[in-house]
Structure formats: C-alpha cells, structure tokens
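Taking it in order: structure first as structure tokens, then the write-up.
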Amino acid sequence: MSSEGFVFGSTAVGGPAQVEQPFAQESCSSDSEFGVPAQFIDAIANAFNFGEAENDLHARLHVYAQLGKQLLRAEIATGVFNLAATLELTKEHRFVNDQQRLLQAMLVDLSIHLDDTFTLSNEQKVNVRLMAAEMLFKSTCINFMHMHLNVMVRRLIIAT
9 MSSEGFVFGS TAVGGPAQVE QPFAQESCSS DSEFGVPAQF IDAIANAFNF
59 GEAENDLHAR LHVYAQLGKQ LLRAEIATGV FNLAATLELT KEHRFVNDQQ
109 RLLQAMLVDL SIHLDDTFTL SNEQKVNVRL MAAEMLFKST CINFMHMHLN
159 VMVRRLIIAT
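Residues 9 to 168 in our numbering are what the sequence shown spells out, letter by letter.
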C-alpha cells in the first residue's frame, strides 16, 4: 500500500479506483474544521477499498479526524492511516464470518440431505468396524506404535 498519491489539500489521488461515498460530503462540510482535508480521508478509505458495505468504517475515519482537530496534520494523517489499516482487518473479519455462516448453512443442508438419502447396509457397517478395529489394535500399525510410545514416555516422565 503506497501513500504516494495522497496529497493534502488537493483532490488529486493516485492509485486505486475511486469508490463513491455519498455521506462523505454531508458529514465533512469544510476542510478548515479538521486537521486533514475530507478528501484525504476519502482517499484513504478508497485505497483500503471501503465500499458501500463498509460505510460505517469510512464514517469512523471521519469521526477520528474530527476528534483530533487540535493535532497536527501529520499526526492525524498517520492516525487515520493506522485506523484504516485496523478497520481493514475488521472488514476482512466480517467477510470471513459471512463465509463461515454460509459454509455452516451449506453443511446443515448437506447433512439433512444425506440423512434422508445415505445409509450403509449391515454388511458395510460390519466391514467398517472390522477395518477400524484392525487399524487401531494392530501392533505393526505406525499410529498405534506412536501412540504406545507417547504413553510410555509420559509414564516415564510422571514416574520420575
């Protein structure tokens, strides 16, 4: 993420495409009230791809700039950039949560569908049980040997 295109007091912004933010003009009527121009805050929000779904995050950047109007421009600009980076994590967290909910819903639907359609015959159930027992209790099985060694090591540690 580069800040080369961000210019204080100017509307020129290089880099990512502009995302229209309808509330930005309403909430920040004059740049003289704040340590940094509203266009700078909008440019930061655009650089972090805060779209319409993230209007609340974009608004937080403007509120942060309003709260720090007694600070130097560089301090506020740095703070706005740091806040935007933090809010980007919030945005990603929201996306992951949405994807997780979608996946859970799909798994519930799949399990309902499989409960109705998928069944093992008695012979298949017996075969699965025999194979599982063979894998668990066979002394030449690597997993059993690792488990046995772990138990023995823990017994030695506890005993000493």
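Glycine included, each C-beta is placed from N, C-alpha and C at the ideal position. Since the model is a prediction, treat every value here as computed from it, not as a measurement.
Straight-line Cα distance separating residue j from residue i
| i | j | result |
| --- | --- | --- |
| Arg102 | Arg137 | 42 Å |
| Leu91 | Leu69 | 7 Å |
| Val159 | Leu144 | 15 Å |
| Leu157 | Ile166 | 14 Å |
| Leu118 | Val134 | 25 Å |
| Pro45 | Leu97 | 24 Å |
| Val27 | Gln47 | Bear in mind that a pLDDT of 41 at Val27, under 50, signals an unreliable position, so the model cannot answer this. |
| Val71 | Glu60 | 17 Å |
Beta-carbon proximity of residue i to residue j, cut-off 8 Å
| i | j | result |
| --- | --- | --- |
| Ile49 | Ala82 | no |
| Gly43 | Leu95 | no |
Close Cβ partners of residue i (< 6 Å) along its chain, the five nearest in sequence each way excluded
| i | result |
| --- | --- |
| Glu62 | Lys99 |
| Pro24 | At Pro24 the pLDDT is 42, less than 50, meaning the model places this residue with poor confidence; the figure from the coordinates comes in the next sentence. Hits under 6 Å: Asn54 and Ala55. |
Own chain partners of residue i with C-beta closer than 8 Å, once the 5 adjacent residues on each side are dropped
| i | result |
| --- | --- |
| Leu128 | Val136 |
| Glu41 | Any reading at Glu41 must be qualified, since the residue scores a pLDDT of 44, below 50, and its modelled position is unreliable; the value itself is stated next. Only Gln74 and Lys77 meet the Cβ criterion. |
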